[in-house]
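Here is the structure we will look at, set down as structure tokens.
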Amino acid sequence: MAKRKSASTLAQPQPIPGVDDARIEAETTQLGELIWRRLAARQPSFFEQRWWDDRILAAAMNDESLKVQMFRFVDVLPRLKTHQSMTRHLQEYFDEIREHLPWAIQLVGFGVEQVAPNSILSRTLAFNARNNAQRIAKRLMGGESTDDVLKTIHKLYRQGYLFSLNYLSSKVVSQAEADQYQQRYLDMLSSLGAEVSNWPAHTSYAHAAAVEGKSAATAEIPQLQLSLKLSSLTSDFRPLDAQGTMRVVLERLRPILRLAIEQQAIVQIELEHSTTNRLILDIVQQVLSEKEFQSWADCGITLPAYLKTAESDLTALATWVQKRGTPIRICLTKGEYWNQEIALAQSKSWPVAVFEEEWQIDENYEKLSRALIDQPELFKPVFAGQSLRSLCYVLAYAQARNLPRSRVELQLRYGLADEQAQAFAELGCRVRIDTPVGHHVKGMARLARHFLENSANDSFLRQGYSAEVSIEDLLMNPTVAGQTARVRKTSKMWTVPPQGFVNEPVTDFSMPAHREAMQGAIEKVEHQFGQTYSLIINGRREDTRQNLTVRSPSDKSKVLGLVASASPEQALAAIDSARRAFVRWSVIEASYRAEYLELIARELRQRRFELAAWQIFECGKPWAEADADVAEAIDFCNYYAMQMRELAEPQRFDIADEENAYFYRPRGVVVVISPWNFPMAVLTGMVAAALVAGNTVIIKPAEQASVTAAKLMEILQACGIPDGVITFLPGIGEEIGPVLAGSPDVDLVAFTGSTEVGLTVNQSAAQVHAAAQSIKRVITTLSGHNAIIVDADADLDDAVTGVIESAFSYAGQKCSSCSRVVVIGEIYDEFIKRLVAATSDLKLARAEDPACQIGPVIDEESCKRLLALIEDAKQTCEVILAMETGSLAKKGYFVGPHIFANIPSESRLNKEEICGPILLVYKAADLSEALGMANSVPYALAGGLYSRSPANLKRAKQQFLAGNLYLNTPVTTGLVARQPFGGFKLSGIGSKTGGPDYLPQFMVPVNVTENTSRRGFSHETTTES
1 MAKRKSASTL AQPQPIPGVD DARIEAETTQ LGELIWRRLA ARQPSFFEQR
51 WWDDRILAAA MNDESLKVQM FRFVDVLPRL KTHQSMTRHL QEYFDEIREH
101 LPWAIQLVGF GVEQVAPNSI LSRTLAFNAR NNAQRIAKRL MGGESTDDVL
151 KTIHKLYRQG YLFSLNYLSS KVVSQAEADQ YQQRYLDMLS SLGAEVSNWP
201 AHTSYAHAAA VEGKSAATAE IPQLQLSLKL SSLTSDFRPL DAQGTMRVVL
251 ERLRPILRLA IEQQAIVQIE LEHSTTNRLI LDIVQQVLSE KEFQSWADCG
301 ITLPAYLKTA ESDLTALATW VQKRGTPIRI CLTKGEYWNQ EIALAQSKSW
351 PVAVFEEEWQ IDENYEKLSR ALIDQPELFK PVFAGQSLRS LCYVLAYAQA
401 RNLPRSRVEL QLRYGLADEQ AQAFAELGCR VRIDTPVGHH VKGMARLARH
451 FLENSANDSF LRQGYSAEVS IEDLLMNPTV AGQTARVRKT SKMWTVPPQG
501 FVNEPVTDFS MPAHREAMQG AIEKVEHQFG QTYSLIINGR REDTRQNLTV
551 RSPSDKSKVL GLVASASPEQ ALAAIDSARR AFVRWSVIEA SYRAEYLELI
601 ARELRQRRFE LAAWQIFECG KPWAEADADV AEAIDFCNYY AMQMRELAEP
651 QRFDIADEEN AYFYRPRGVV VVISPWNFPM AVLTGMVAAA LVAGNTVIIK
701 PAEQASVTAA KLMEILQACG IPDGVITFLP GIGEEIGPVL AGSPDVDLVA
751 FTGSTEVGLT VNQSAAQVHA AAQSIKRVIT TLSGHNAIIV DADADLDDAV
801 TGVIESAFSY AGQKCSSCSR VVVIGEIYDE FIKRLVAATS DLKLARAEDP
851 ACQIGPVIDE ESCKRLLALI EDAKQTCEVI LAMETGSLAK KGYFVGPHIF
901 ANIPSESRLN KEEICGPILL VYKAADLSEA LGMANSVPYA LAGGLYSRSP
951 ANLKRAKQQF LAGNLYLNTP VTTGLVARQP FGGFKLSGIG SKTGGPDYLP
1001 QFMVPVNVTE NTSRRGFSHE TTTES
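Next up, the structure:
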């Protein structure tokens, strides 16, 4: 921790108009010290079970490595069905941090690493671990059954508390699961609401109302409160499809709100993540503005203070509430997803949506609390959280504003703040207990994730279990605390990118302005259909005898453009032009060539929505996929420009009288044969690498993506690339491909596409003609038959959604798409059930529709091939899912998702690349068998494993044959610099695109040695006299 500055040098908080700040600070401190003394007198004794539980929590809160492993173990616990698996996971999670364990736990688990899986000791350890987890779960949760929950909340009622029920839900992966969660909410309201509504209001609240001159009826405060996540009401909570999401959510939300009104209950809707909060607010405002809910005041939202937008959100809500005419409840919290928000911002290269320092969050909390208290006509505030300072400040400010404590509602966590709740209640506050309910062990796993996320915050949870925290620190004004340089320990979350390289941010479609920009680009591009695109050789446009008619795969009646189709003679002319231009281009300074790439990147960024729109129409890419493709193209330009500047500097190894320089020279003429599935990203990456290395380039794009390639050519010319350096040569691959790959005047062929075509290109390029001056270099990125393994202990929420994204995003047409999933052990049936239900809910639509999750396949040939493959599979395999395309197939090339199981060993499905929305499911007994299945194909491109076993994750890193291996995440990402992409075996030749070894392949390494002595005279050894 940084050295604390003296009080006289610290910045003081800004004064609040009309409020005695010094008095509020003094009252805050006085209240805090009073509560702290009471808490100290109420700690459990050595002989109580809670004392021992608290020691475990204390160890976790004060030791990061122990905390992470402990809560991760609790997270996986519901999946551990046998004592053998329980013992194995205990060993894997805790052996490495054994010295961090408290002495009591070390004694209980002594020798766990030597425990035999089937021994009596193994059974005992497993029983104790599960029993302890269940005991703590019962402490922290309000019950599983309705009767248990009713007993809990009645106990809270007798103690003088209000309560809020928070159902701990798994991730909703299908609309059927969303229906189930809606029913659970309805059941809680109907079964508990009728009972609770008969309980009289607490006398303290009725007395407070009388003092304020109100009737006892006015004092009635609804006892039952339901905390609700809107994301649990749909499996597809996507801001990109805002209208569709709102429609589905409102259909399930309205019945809940109606029943809540009937049962006189409160509904508190939670803001969840920064990317969904805008849509949640829109839904809340929409439904509460409807006639039947407009006058209802017992509904509201949580407002997380860690959000940088919280203040502006509250201002917007105030404006809306004034228009609505009825106040709403606002529950102010610190926020629950800080780590996730930070990680999301880093992964997307977005601005961080949350405050990154604890004192900033605390400061914002106090600012927002003042705004809520100052506007009682608009808001019915509730103040949640575990921070002693924050809650005491709320009471002090409320007192300064003459707000009785009986009207200040505080919300504390069940089982974690019992003494704190009692202390605040004794001060006359209205205390509501946030009570998680649900299955104890599964619910405890959800709480474990919450603890992992939030234990870094200053809170009762941490403060109560840390001997290092003083009352002065707890009650310090956050503005003052900001001067003590208390920085969150987040440095381990990322490493410094190479030379400061940062990936281009993908578009955040949760922002309405971005959705409008994309929609505008789509409409603009539609008006440009039907243009003609010529060859460009040596800067001149050339016509051809025939043209390629490019149609939209979403609607084959739409002709996007007519693209020239080069003849073999024109291909030869292009090679000759490129050869002549190479003489001039190759001698240009590398730094100047790098500047060209940066110009290209800026132009791509300027036109990103337009370029994405062309891909949406031409290649059937959904909005987000098309946008990410342009972002990756920008990354390639910036990364290779940066890398070329480094490679341009010779590496030296000099000794006396000898200088040695290792450097690179351009190869010559490079033919780039690009694919249709990443029409801008992969094409730009190959062109950028060849270009910045000093080569001249002939672009031969996939026929299906020729218009997108033409748009890139427009950008290359607009950036001033000299004539002849880039040649645009669209055409039919079978006609001009052999000419380009086989020419002795071509020095390198860079190809991305199917393995079949790639091997043909490699064979043609390998022929050395008599006139050849060099052996042609070939770089290929080819296909895969990619597998994901789902371990027996996997998180099925993540595994199901990850497999679906990997298998069916872009209709399964990425080279990295998952076509096989191997499920281990007894989770097979549950996984299949959830997989089928979730896949069935995917929306097939035209790619330009923002609701589209699965668009068309690329063309008629691909469509016919896949339909024939499906028909063959239906005859020999078990059909798990066969989704029909309906009327879409009449206009476009649509193939619905299909899932097959029990595939015969002799089936060609086991070996062939599929490139479509077809998923094969296999069952394995253990990881050894699963790895054998995954590695049985002749490809090694992408692979994945979902597991919570540290040992199995480690083993996969060593034995899973894949150029890109993804652990507990989808397999279809491949970010430049972060995740260089490429495979081996039959999945490619050469180093990974977007990685440190890719660019040097486009150059020839040279070493120059010079003897610097003259006739025995060594200038290195001369000395001055």
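The sequence shown lines up with residues 1 to 1025 when you count with the UniProt record's numbering. Idealized CB from N, CA, C, for every residue including glycine.
Pairing A371 with G335 gives a Cβ-Cβ distance that is not under 8 Å. The residue among P404, L388, Y397 with its C-alpha nearest the C-alpha of L412 is L388. Within 10 angstroms of the beta-carbon of Q531 lie fewer than 16 other beta-carbons, which makes it exposed. Of the candidates I914, K558, I903, I153, the residue whose Cα lies closest to the Cα of P897 is I914.
Excluding five sequence positions before and after G758, the CB atoms of its chain that fall closer than 7 Å to its own CB belong to F751, T780, L782, given in chain order.
Residue environment for H89: buried (at least 16 other C-beta atoms within 10 angstroms of its C-beta). For F73, same chain residues with a beta-carbon under 6 Å away, outside a window of 5 residues either side, are Y93 in chain order. S369 and A41 have their alpha carbons spaced roughly 30 Å apart. The residues N964, T973, in chain order, have a CB closer than 7 Å to that of Q979 in the same chain once the five nearest residues on each side in sequence are set aside. DSSP places L572 in the uninterrupted alpha helix (DSSP H) bounded by 568-585.
Straight-line measurement puts the Cα of I471 at about 7 Å from the Cα of E33. Contact holds between the stretch 530-544 and the stretch 562-582, because three or more Cβ pairs, one in each stretch, are under 8 Å apart. Leaving aside the five residues that flank L548 on each side, the residues in its chain whose CB is nearer than 8 Å to its CB run, in chain order, L562, V563, A564, S565, E703, S706, P730, G731, I732. Counting the other Cβ atoms within 10 Å of the Cβ of S406 gives 16 or more, which makes it buried. For V739, the uninterrupted alpha helix (DSSP H) run begins and ends at 733-742, by DSSP. In this structure, the beta-carbon distance from F529 to N638 does not fall below 8 Å.
Around I775, the same chain offers V768 as residues with beta carbons nearer than 7 Å, after the five sequence neighbours per side are excluded. With 16 or more neighbouring CB atoms inside 10 Å of its own CB, P666 falls in the buried class. Of all C-beta pairs linking the stretch 1001-1015 to the stretch 651-665, three or more are shorter than 8 Å, placing the two stretches in contact.
Under DSSP, C331 forms a beta bridge with T302, V382. As the crow flies, the alpha-carbon of A624 is around 51 Å from that of N402. Annotation for I256: the continuous alpha helix (DSSP H) segment containing it runs 242-262. Counting only the Cα atoms, I870 lies some 42 Å from L716. Here the C-alpha atom of L228 lies approximately 10 Å from the C-alpha atom of Q182.
According to the DSSP assignment, S819 belongs to the beta strand (DSSP E) that extends over 818-824. Going by C-alpha positions, Y966 is about 34 Å away from N695. Spanning the alpha carbons of E610 and A633 requires a straight line of approximately 14 Å.
Listed in chain order, the beta strand (DSSP E) elements of length 3 or more contained wholly in the stretch 748-779 are 748-752. For a cut-off of 8 Å, the C-beta gap from Y337 to L140 is around 19 Å, too long to register as a contact.
With a beta-carbon spacing of about 33 Å, R846 and D543 fall beyond the 8 Å limit used to define contacts.
Here the alpha carbon of A765 sits roughly 42 Å from the alpha carbon of Q346. Within the same chain, Cβ atoms closer than 8 Å to the Cβ of Q225 are found at L162, F163, S164, L165, A265, I266, V267, Q268, R432, the five residues on either side in sequence being excluded. A distance below 7 Å between beta-carbons, with the five flanking residues on each side excluded, links V682 to the following residues of its chain, in chain order: S674, P675, T752.
Taking a C-beta distance under 8 Å as the contact criterion, V921 and S806 do not qualify as a contact pair. Between the alpha carbons of E569 and I726 lies a gap of roughly 18 Å.
Taken through DSSP and simplified to helix, strand or coil, I221 comes out as coil.
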